[in-house]
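Quick mapping for you: the protein sequence lines, in order, are chains W and P. Its first residue numbered -15, the first sequence is counted upward by one per residue in the working numbering. Its first residue numbered -15, the second sequence is counted upward by one per residue in the working numbering.
There are 2 protein chains.
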Amino acid sequence: MTLAVFDAAAIERATTSRLVLDTIRDALIAHAEGRTHVPPPLHLDFAEADGDCHVKAGWITGAADFTVKIATGFYGNPARGLSANHGLVCVVSARTGQPRALLDDRGLLTAWRTAAAGALITHAMARPAAGTLAVFGTGEQARLQALWLAELRPVGLVLVHGRTPDKAHALCDTLGAHGLAARPAGAAEAARADMIITATPARSPVLDADRVRAGAHVTGIGTDMPHKNELPPALFHRAQLIATDDHAQCLDHGDFGHAVRAGAAAEDGDIAAGLLLKAPVDRPEAAITVADLTGVGALDAALASAVLGRLRE
Amino acid sequence: MTLAVFDAAAIERATTSRLVLDTIRDALIAHAEGRTHVPPPLHLDFAEADGDCHVKAGWITGAADFTVKIATGFYGNPARGLSANHGLVCVVSARTGQPRALLDDRGLLTAWRTAAAGALITHAMARPAAGTLAVFGTGEQARLQALWLAELRPVGLVLVHGRTPDKAHALCDTLGAHGLAARPAGAAEAARADMIITATPARSPVLDADRVRAGAHVTGIGTDMPHKNELPPALFHRAQLIATDDHAQCLDHGDFGHAVRAGAAAEDGDIAAGLLLKAPVDRPEAAITVADLTGVGALDAALASAVLGRLRE
Chain W
-15 MTLAVFDAAA IERATTSRLV LDTIRDALIA HAEGRTHVPP PLHLDFAEAD GDCHVKAGWI
45 TGAADFTVKI ATGFYGNPAR GLSANHGLVC VVSARTGQPR ALLDDRGLLT AWRTAAAGAL
105 ITHAMARPAA GTLAVFGTGE QARLQALWLA ELRPVGLVLV HGRTPDKAHA LCDTLGAHGL
165 AARPAGAAEA ARADMIITAT PARSPVLDAD RVRAGAHVTG IGTDMPHKNE LPPALFHRAQ
225 LIATDDHAQC LDHGDFGHAV RAGAAAEDGD IAAGLLLKAP VDRPEAAITV ADLTGVGALD
285 AALASAVLGR LRE
Chain P
-15 MTLAVFDAAA IERATTSRLV LDTIRDALIA HAEGRTHVPP PLHLDFAEAD GDCHVKAGWI
45 TGAADFTVKI ATGFYGNPAR GLSANHGLVC VVSARTGQPR ALLDDRGLLT AWRTAAAGAL
105 ITHAMARPAA GTLAVFGTGE QARLQALWLA ELRPVGLVLV HGRTPDKAHA LCDTLGAHGL
165 AARPAGAAEA ARADMIITAT PARSPVLDAD RVRAGAHVTG IGTDMPHKNE LPPALFHRAQ
225 LIATDDHAQC LDHGDFGHAV RAGAAAEDGD IAAGLLLKAP VDRPEAAITV ADLTGVGALD
285 AALASAVLGR LRE
């Protein structure tokens, strides 16, 4: 029997945003409750080709499957007309060790679980009446986060802030085509939104903490390495509630870590994001709340397994 | 484009022992010369299912491909009629990071590279006139090591020593069918052969060092974890030449490490096995020589890439 391989098109056809959101909600809760296994990743560097490879594995304790995800980044590829990033996900039975299938997903699952985590936690932490959303960044994540948040709650207006006006306009058009009111905005205006999601590769803060209004919620999803930083320490200092998707990761290479090292947040001043998904969050109307998401490997396992279930139906 | 998957049958059809031996010779030399990258493996445990998963990556510096190998062992499988071990090898371009193919090899490549390394180093270190081979163990490795050594040099007689007489007889029949004279032997007789290869999962030495004759060569390939031990420290004490496939690994979890910890060998008393494959080994006629092989991950990369080349021809 030859191993089944599903390509990105098949994965896209089989998956709904609802499946992703439900799966990631459960997985974030499991992670917050310590019911996940995520061993240290394996890493290879290819200096001459300006490339690297990360292999990550994850398992939700007791789940039928676990996953091994191979992801590469070769940064000279675009100049040759190739995508910089490639990867695939191997789904393996946690009962017998047999490979069940390969998802040649071109990074779709990672993008989806990242977007779902951001939308879920933003919805959970923002005031019920919050209606305007600002997204910093104009890429795939900015788009998905806005669309999926709008599946979870009404979003009256999306303010799109990007460095490149053309890209900001293009994203507004896309969101508009999905029925969302959206327009480009400067950083100062975007910082005053009810809900803010940052999805950039910034190396210094994109948001002016002083401009963020009382009652706002901010979710940072772009900071996934120590040299990156989207949210300023001063924002954490103002925040009354700080959530992290993984305490150790966020401390090591998230915005939360930058804030702790700057003395703007206590090292134990965060709560596990997944715990906030279990029941309505008790937050003062005027509080500023912040979520720092660095990406949890066990979510890959949950999502790949759920998607494979649909593919096999 | 869907990722190509090749199954074990296709891999077996495309591969010759000559291809394996040539590829592994070059890869062992590259490893000895420091031209390989082998990051620490990734590991997951499944206590309830009595299973584990190891993910290993390897690259021969400058080679076109690298590999990520997923291997699982679920030890309750045989009771359910399933193999305990499963796995697959992903071949990835080291130039672009694109997955090139999946080898659903069911562990064939690992078995082949292990056997080739054992046969190559045994041939290189044994006296040119050595003619009798003893194998300790009756499994796939014992069979392959004997057959492939016989491709490298004449083997006049194979003495097969195993705990289970039926299995020893069966292996002798198999070797006989391939034109090799073979008969079962007790441990004492086997220990007096010109060449000895141990391929067992033993946890205490299978060989009496005092019985090994001057001029003999011994290769141990079964010891790949700290709790395993095939070759007695006293054998290393008698040896004039000790080779290891990977110094750090053999020290950590090979027979060489047991000998060093017992004070029977100096910690720097070994030579890299690959270096002995570059030119005829200068060894006194009466010397005892020993090779401790624990398995080198970069060999997987070299072999998978070579096999994929044949599959694509």
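Even for Gly, the Cβ is constructed at its ideal location relative to N, Cα and C.
DSSP three-state label for residue 302 (chain P), please.
Outside the modelled stretch of chain P, which goes from -15 to 297, sits residue 302 (chain P), for which no answer is possible.
Is residue 3 (chain P) closer than 9 Å to residue 327 (chain P) when the C-beta atoms are compared?
This structure leaves residue 327 (chain P) out entirely; chain P is present only between -15 and 297.
From residue 272 (chain W) to residue 26 (chain P), what distance separates their C-alpha atoms?
Here residue 272 (chain W) corresponds to residue number 288 of the first sequence, with the count starting at 1. Here residue 26 (chain P) corresponds to residue number 42 of the second sequence, with the count starting at 1. Using only the alpha carbons, I get a separation of about 39 Å.
Rounded separation between residue 0 (chain W) and residue 262 (chain W) - CA only
For the purposes of this step, residue 0 (chain W) is identified with residue 16 of the first sequence, where counting begins at 1. For the purposes of this step, residue 262 (chain W) is identified with residue 278 of the first sequence, where counting begins at 1. Approximately 22 Å, taken between the alpha carbons.
Considering only residues of the same chain and omitting the five flanking positions on each side of residue 30 (chain P), which have a CB-CB separation below 8 Å?
Residue 30 (chain P) sits at position 46 when you count from the first residue of the second sequence. Excluding positions up to five away in sequence, the list reads 36, 37 and 58.
Through-space distance from residue 133 (chain W) to residue 97 (chain P), alpha-carbon basis:
One-based indexing of the second sequence puts residue 97 (chain P) at position 113. One-based indexing of the first sequence puts residue 133 (chain W) at position 149. Residue 97 (chain P) and residue 133 (chain W) have their alpha carbons spaced roughly 51 Å apart.
As a quick exercise: from W:265, W:256, W:84 and W:79, pick the residue whose alpha carbon is nearest that of residue 64 (chain P).
The count along the second sequence starts at 1 and reaches residue 64 (chain P) at position 80. The shortest C-alpha separation from residue 64 (chain P) is found at W:79.
Beta carbon of residue 42 (chain P), beta carbon of residue 55 (chain P): below 9 Å?
For the purposes of this step, residue 42 (chain P) is taken as residue 58 along the second sequence, with counting starting at 1. For the purposes of this step, residue 55 (chain P) is taken as residue 71 along the second sequence, with counting starting at 1. When the beta-carbon positions are compared, residue 42 (chain P) and residue 55 (chain P) stay at least 9 Å from each other.
Span separating the alpha-carbon of residue 194 (chain W) from that of residue 274 (chain W):
Taking the first residue of the first sequence as 1, we reach residue 194 (chain W) at position 210. Taking the first residue of the first sequence as 1, we reach residue 274 (chain W) at position 290. For residue 194 (chain W) and residue 274 (chain W), the distance between alpha carbons rounds to 14 Å.
Could you give the residue range of the alpha helix (DSSP H) that holds residue -11 (chain P)?
For the purposes of this step, residue -11 (chain P) is identified with residue 5 of the second sequence, where counting begins at 1. Residue range -12 to -9 is occupied by the beta strand (DSSP E) that includes residue -11 (chain P), with no alpha helix (DSSP H) assigned at that position.
Cβ-based neighbour list, residue 171 (chain W), same chain, cut-off 6 Å, excluding 5 preceding and 5 following
Along the first sequence, one-based indexing puts residue 171 (chain W) at 187. Closer than 6 Å at the Cβ level, and outside the excluded window around residue 171 (chain W), lie 145.
Please confirm if residue 69 (chain W) has its CB atom under 9 Å from at least one CB of chain P.
Sequence index remark: in the first sequence, residue 69 (chain W) carries index 85 (1-based). Output row for residue 69 (chain W): interface = yes.
When the Cα atoms are used, what is the spatial distance from residue 179 (chain P) to residue 235 (chain P)?
Residue 179 (chain P) sits at position 195 when you count from the first residue of the second sequence. Residue 235 (chain P) sits at position 251 when you count from the first residue of the second sequence. Looking at the backbone, the Cα of residue 179 (chain P) and that of residue 235 (chain P) are separated by about 23 Å.
Quick check: the segment 238 to 253 of chain W against the segment 212 to 229 of chain W, are there 3 or more CB pairs under 8 Å?
In this structure the segment 238 to 253 of chain W touches the segment 212 to 229 of chain W; the number of beta carbon pairs closer than 8 Å is three or more.
For the beta strand (DSSP E) containing residue 28 (chain W), list its first residue and its last residue.
Reading the first sequence from its first residue, position 44 is the one you call residue 28 (chain W). Going by DSSP, residue 28 (chain W) is part of the beta strand (DSSP E) stretching over 26 to 30.
Quick check on DSSP: helix, strand or coil for residue 68 (chain W)?
Counting from 1 along the first sequence, the entry for residue 68 (chain W) is found at position 84. Three-state result, residue 68 (chain W): coil.
Could you tell me which residues DSSP pairs with residue 53 (chain W) in its beta bridges?
As a position in the first sequence, residue 53 (chain W) is number 69, starting the count at 1. DSSP links residue 53 (chain W) through a beta bridge to W:40 and W:73.
Spatial neighbours of residue 223 (chain W) within its chain, please: C-beta separation below 7 Å, excluding the five flanking residues on both sides.
Position 239 of the first sequence, counting from 1, holds the residue named residue 223 (chain W). 272, 273 and 274, listed in sequence order.
Range of the contiguous alpha helix (DSSP H) that encloses residue 217 (chain W):
Here residue 217 (chain W) refers to the residue found at position 233 when the first sequence is read from its first residue. Where residue 217 (chain W) is concerned, the enclosing alpha helix (DSSP H) stretches over 217 to 222.
Would you check if the segment 205 to 212 of chain W and the segment 150 to 162 of chain W touch, i.e. whether three or more CB-CB distances between them fall below 8 Å?
The segment 150 to 162 of chain W, when compared against the segment 205 to 212 of chain W, does not touch it at the 8 Å Cβ threshold.
Residues of the segment 26 to 42 of chain W with Cβ closer than 9 Å to any Cβ of chain P, in chain order
Taking 9 Å as the Cβ-Cβ cut-off against chain P, the residues of the segment 26 to 42 of chain W that qualify are 26, 27, 28, 29, 30, 32, 33, 35, 36, 37, 39, 40, 41 and 42.
Strictly below 8 Å CB to CB, what residues from chain P border residue 233 (chain W)?
Indexing the first sequence from 1 puts residue 233 (chain W) at position 249. For the C-beta of residue 233 (chain W), not a single chain P residue is nearer than 8 Å; the gap to the nearest is close to 16 Å.
Using a Cβ-Cβ distance under 9 Å, would residue 46 (chain W) count as near chain P?
In the first sequence, residue 46 (chain W) corresponds to position 62, counting from 1. With its beta carbon less than 9 Å from one in chain P, residue 46 (chain W) belongs to the interface.
Residues bridged to residue 205 (chain W) by DSSP?
Indexing the first sequence from 1 puts residue 205 (chain W) at position 221. Looking at the DSSP output, residue 205 (chain W) sits in no beta bridge, so it has no partner there.
Mind checking the segment 48 to 77 of chain W against chain P and listing, in chain order, the residues whose C-beta falls within less than 9 Å of any C-beta there?
The residues in question are 50, 52, 54, 55, 56, 57, 58, 60, 61, 64, 66, 67, 68, 69, 70, 71, 72, 74, 76 and 77.
Whose CA, out of W:260, W:110 and W:88, lies closest to the CA of residue -14 (chain P)?
For the purposes of this step, residue -14 (chain P) is taken as residue 2 along the second sequence, with counting starting at 1. Residue W:88 is the option with its Cα nearest to residue -14 (chain P).
Between the CA atoms of residue 91 (chain P) and residue -8 (chain P) - distance to the nearest angstrom:
Mapped onto the second sequence, residue -8 (chain P) falls at position 8. Mapped onto the second sequence, residue 91 (chain P) falls at position 107. The C-alpha of residue 91 (chain P) is placed about 9 Å away from the C-alpha of residue -8 (chain P).
On the DSSP letters alone, give me the boundaries of the beta strand (DSSP E) that residue 226 (chain P) sits inside.
By one-based count along the second sequence, residue 226 (chain P) stands at place 242. Element bounds for residue 226 (chain P): 225 to 228.
For residue 21 (chain W), which residues in chain P fall below 7 Å Cβ to Cβ?
In the first sequence, counting from the first residue as 1, residue 21 (chain W) sits at position 37. Those are 28, listed as they occur along chain P.
Buried or exposed: residue 46 (chain W), going by 16 or more other Cβ atoms within 10 Å of its Cβ?
Your numbering for residue 46 (chain W) matches position 62 in the first sequence. Residue burial is scored here from C-beta neighbours: residue 46 (chain W) has fewer than 16 other C-beta atoms within 10 angstroms and is therefore classed as exposed.
Answer yes or no: do residue 101 (chain W) and residue 8 (chain W) have a C-beta to C-beta separation smaller than 9 Å?
For the purposes of this step, residue 101 (chain W) is taken as the residue at position 117 of the first sequence. For the purposes of this step, residue 8 (chain W) is taken as the residue at position 24 of the first sequence. Cβ distance < 9 Å, so residue 101 (chain W) and residue 8 (chain W) count as in contact.
Hey, how far is the Cα of residue 82 (chain P) from the Cα of residue 33 (chain P)?
By one-based count along the second sequence, residue 82 (chain P) stands at place 98. By one-based count along the second sequence, residue 33 (chain P) stands at place 49. So the alpha carbons of these two residues sit roughly 34 Å apart.
Taking C-alpha atoms, which residue in W:198, W:104 and W:212 lies nearest to residue 221 (chain W)?
On the first sequence, position 237 is the one that residue 221 (chain W) refers to. Ranking W:198, W:104 and W:212 by CA distance to the CA of residue 221 (chain W) puts W:198 first.
Using the C-alpha atoms, what's the distance from residue 105 (chain P) back to residue 112 (chain P)?
The residue labelled residue 112 (chain P) in the question sits at position 128 within the second sequence. The residue labelled residue 105 (chain P) in the question sits at position 121 within the second sequence. Roughly 13 Å between the two C-alpha positions.
What in chain P is Cβ-close to residue 273 (chain W), meaning under 8 Å?
Residue numbering aside, residue 273 (chain W) sits at position 289 when the first sequence is read from its first letter. For residue 273 (chain W), there are no neighbours in chain P by C-beta distance under 8 Å, as the nearest C-beta there is about 34 Å away.
For residue 92 (chain P), return the contacting residues in chain W, with the cut-off set at a CB-CB distance below 7 Å.
Translated into positions along the second sequence, residue 92 (chain P) becomes position 108. Near residue 92 (chain P) there are no residues of chain W at all, since even the closest Cβ is about 14 Å away, more than 7 Å.
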